[in-house]
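Right, one structure below, let's go through it.
In the working numbering, the protein residues as written are 2 to 96.
Spelled out as structure tokens, the structure:
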């Protein structure tokens, strides 16, 4: 389930003292389209939209990820801890 993937990713991220990460929660007081996990890693902004394998982004999620990237952050859709590791490695980040 997606919540299990989110939990595994958060466990991975939180093992590093250089990472502050949290799960965002939707609802009437939240902003629609915000990625599931927000993190500050080594002073850089990361946003991870978590999907089950084969899952797809909504149009709003696509737009939000592009806005984060345009603002200088890193925003990616991931389906596993391994994909998070690859995204971080691609940006020169190690945990």
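A virtual CB, placed ideally from N, CA and C, is assigned to each residue, including glycine.
DSSP three-state assignment for residue i, whether helix, strand or coil
| i | result |
| --- | --- |
| residue 33 | coil |
| residue 45 | strand |
| residue 90 | helix |
| residue 52 | coil |
Cβ neighbours of residue i in the same chain (closer than 6 Å, five flanking residues each side left out)
| i | result |
| --- | --- |
| residue 65 | 34 |
| residue 9 | 82 |
| residue 41 | 21 |
Proximity winner among the options, relative to residue i (alpha-carbon distances)
| i | options | result |
| --- | --- | --- |
| residue 50 | 67, 44, 42 | 67 |
| residue 74 | 40, 46, 26 | 46 |
| residue 39 | 25, 7, 72 | 25 |
Residue i, buried or exposed, once every other Cβ within 10 Å from all chains shown has been counted against 16
| i | result |
| --- | --- |
| residue 89 | buried |
| residue 36 | buried |
| residue 29 | exposed |
| residue 61 | exposed |
| residue 76 | buried |
Neighbourhood of residue i by C-beta, 8 Å cutoff - its chain only, sequence neighbours within 5 removed
| i | result |
| --- | --- |
| residue 16 | 96 |
Cβ neighbours of residue i in the same chain (closer than 7 Å, five flanking residues each side left out)
| i | result |
| --- | --- |
| residue 11 | 22, 24, 38 |
message = Contact between the stretch 3 to 20 and the stretch 37 to 56 is defined here as three or more beta-carbon pairs at a separation below 8 Å; is this criterion met?
response = yes
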